[in-house]
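Asker: With UniProt numbering, letter number 146 in the sequence shown gets 146, and the count goes up by one each step, no holes.
Structure in structure tokens, see below.
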Amino acid sequence: MTPLGAVFRPQLSPERLRSVCAVAERAGLEELWLWEDCFREGGISTAAAALAWTERLRVGVGLLPVPLRNVAITAMEAASLHRMFPGRAILGVGHGVQDWMGQVGARVESPVTLLREHLVALRALLAGERVTVEGRYVTLDDVALDWPPEGPHGGVLAGATGPRSLRLTGEAADGTILTASTNAEGVRTARQLVEEGRAAAGRGAGHHPVVVYLLTATGPDADSRLRAELAAEGVDSVPDLGVAGDAGAVAKAVGRLVEAGADTVVLQPTADEPDPEGFVRFAAEEVRPLVP
């Protein structure tokens, strides 16, 4: 069965998260995804709250911008979540929006190099290894976690869009997160680039999960809200991007992404979604039964 999730967008105030979590838990939603968007809400703090307010809901953070974070802090926070809420936290890292990174003085000359160094060190720390490394951006001197995760934890996902970054996720991450600007053809291309990276790194065995956001609008003004957001993002010329309509239409759009190579599809409401709780209920109670 294809895992199905929904996004709690950080355009909503942090205090709104609790009611959305409650609805998600009651409705049987599998995954709720959060974003660490500048300068709205912290990814780890909101994930910890969402996990604490629920009992079975899986909570993803897609993604944590690595220029903002020392890798040791990322590892400590990730390990704490995995130990406190075993099997329920999903963490992704990525370049971050470069304009935002520039605003806080964290923009680097080579985002790909930074992400590679961060991923390699983070995965080693979460595996309980003692790490010493002196890279271009990541430096650790005999660092090991006192409390690494116990048992399997799903690994570290990475967000990517360009070819170099997508190959990197295959080389150095445990899964890949694709934005809502990715249509089915884009998923096929991304999957191919990821597999090229895996082959180059000698990681042919096992499966590399791909998570894809799907911009979704439902209700009487769904078409206009979807078109407005695609235009605002500058992707309104991309064919077959996003979906507007009822549960049947959304389920078909999910199916197209899965057929193209997605493992998990996360429904992303428009920024002006008038009923976030209702959107979560729609995903869990109406769309989920139609997705095999």
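Just so you know, even glycine gets a beta-carbon here, dropped at the ideal spot from N, CA and C.
Pick from Cys38, Ala262 and Val266: whose alpha carbon is nearest that of Asp99?
Answerer: Cys38
Asker: Among Val97, Leu68 and Leu51, whose alpha-carbon lies nearest the alpha-carbon of His82?
Answerer: Distances from the CA of His82 to each of Val97, Leu68 and Leu51 were compared; the closest alpha carbon is that of Leu51.
Asker: Could you spell out where the beta strand (DSSP E) holding Gln11 opens and where it closes?
Answerer: Element bounds for Gln11: n/a, residue is neither H nor E.
Asker: Just grab the DSSP bridge partners of Thr139 for me.
Answerer: Glu134
Asker: Could you give the residue range of the beta strand (DSSP E) that holds Ala158?
Answerer: Val156 to Gly159
Asker: Going by DSSP, what residues sit across from residue 380 in a beta bridge?
Answerer: Since the first residue of the chain shown is 1 and the last is 292, residue 380 is not available in this structure.
Asker: State the Cα-Cα distance for the pair Glu273 and Gly202, rounded to the nearest angstrom.
Answerer: 44 Å
Asker: Mind checking if Gly102 is an interface residue toward chain C, Cβ cutoff 8 Å exclusive?
Answerer: Here there is only one protein chain, and chain C is not present.
Asker: For a test of the three-state rule: what should DSSP assign to Ala144, helix, strand or coil?
Answerer: coil
Asker: Per DSSP, which one or two residues make a beta bridge with Ile90?
Answerer: Gly60
Asker: I want to know whether the segment 243–259 touches the segment 213–229 - three or more CB-CB distances under 8 Å.
Answerer: yes
Asker: For Glu129, count neighbouring Cβ atoms within 10 angstroms of its own Cβ and tell me buried if that reaches 16, exposed if not.
Answerer: Exposed: under 16 other Cβ atoms inside 10 Å.
Asker: Could I get the ranges of all uninterrupted beta strand (DSSP E) runs contained in the segment 226–286, with 3 residues as the minimum, in chain order?
Answerer: For secondary structure counted as the beta strand (DSSP E) over 3 or more consecutive residues, the segment 226–286 holds these complete runs in sequence order: 264–269.
Asker: Could you name the residues that DSSP lists as bridge partners for Glu31?
Answerer: Gly5 and Arg58
Asker: Three-state secondary structure (DSSP) at Ala217?
Answerer: strand
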